[in-house]
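Novice: First the structure, which I've put down as structure tokens, then a few questions once you've had a look.
Chains as they are written, first to last, in my numbering: chain A, -5 to 106; chain B, 27 to 139.
Written out as structure tokens, the structure reads:
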């Protein structure tokens, strides 16, 4: 049972445009959501997070939106840069536990 | 550099064998997590240790075991290896027992032939 799903395996956008990565989850008890970025031959690195009590969190070019009623979150990158090309994982957790559940990842390619 | 060190980077072994993967967390971090990433799969949570004690368990096979030592480094033991165990194994650490922000190592690529 995949509790966190990223239905788009890949996304290609032009440099300077907006990248929107989507993520759906099934467990309404999740109270914390994160996005990680992964380059080849490296471990995932933390990008941005959001608590379930918020619906938006912004950090520079990165904004995460949370729609709890739809059990959906998205990551917006504006403007997209070639260096943003990587695999993006969304993750969800119950902070009272140690479990952090990841989606399958979306490969973003930003073309110059 | 995340500060999390995993060794070895690559490991090639045969079916039926046993291997040990090692992880040193970031200085000061008390929690260690193990994840498995197979081809076309996301990161599958295996197990978490906090200050030497097992705190959470995911889909970890009975052939796999882990421990966290007093110096907080952790080892993941994989035994009776099968072809399907070939994967990238990541270790991550965090300061506390919850997982607001995990720092990942660069992984150990295990190939079972």
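Cβ atoms here follow ideal geometry from the backbone N, Cα and C, with glycine treated the same way.
(1) Along the chain, where does the beta strand (DSSP E) containing residue 33 of chain B start, and where does it finish?
(2) State yes or no: is the C-beta of residue 138 of chain B within less than 8 Å of the C-beta of residue 41 of chain B?
(3) Write down the C-beta distance between residue 89 of chain B and residue 102 of chain B rounded to the nearest angstrom, noting that I regard them as a contact closer than 8 Å.
(4) Listing by chain order, which chain B residues have their CB less than 8 Å from the CB of residue 93 of chain A?
(5) Pick from B:44, B:135 and B:131: whose alpha carbon is nearest that of residue 120 of chain B?
(6) Out of A:76, A:33, A:81 and A:30, point me to the one whose CA is closest to residue 12 of chain A's CA.
(7) Where residue 67 of chain B and residue 85 of chain A are concerned, what is the direct C-alpha to C-alpha distance, given to the nearest angstrom?
(8) So residue 35 of chain A contacts chain B; which residues on that side make the cut at Cβ distance below 8 Å?
(9) Would you say residue 89 of chain A faces chain B, with C-beta separation under 8 Å as the test?
(10) List the residues of chain A whose Cβ lies closer than 8 Å to the Cβ of residue 28 of chain B, in chain order.
(11) Who are residue 105 of chain A's beta bridge partners in DSSP?
(12) Helix, strand or coil for residue 53 of chain A per DSSP?
(13) Could you check what DSSP says for residue 67 of chain A in three-state terms: helix, strand or coil?
(14) I'd like to check one pair, residue 97 of chain A with residue 81 of chain A: are the Cβ atoms closer than 8 Å?
(15) Distance check for residue 42 of chain A and residue 95 of chain A, CA to CA, integer angstroms please.
(16) Is residue 50 of chain A buried or exposed, if buried means 16 or more other CB atoms sit within 10 Å of its CB?
(17) Relative to the C-alpha of residue 90 of chain A, which candidate in B:70, B:82, B:107 and B:92 has its C-alpha closest?
Specialist: According to the data block:
(1) 31 to 33
(2) yes
(3) No, residue 89 of chain B and residue 102 of chain B are not in contact; Cβ-Cβ is about 11 Å, not under 8 Å.
(4) 71, 74, 82, 84 and 125
(5) B:131
(6) A:76
(7) Roughly 14 Å between the two C-alpha positions.
(8) 132
(9) By this cut-off, residue 89 of chain A is an interface position.
(10) 37 and 39
(11) A:8
(12) strand
(13) Here residue 67 of chain A sits in strand by DSSP.
(14) no
(15) 15 Å
(16) Residue 50 of chain A should be labelled exposed.
(17) That would be B:82, whose Cα lies nearest to the Cα of residue 90 of chain A.
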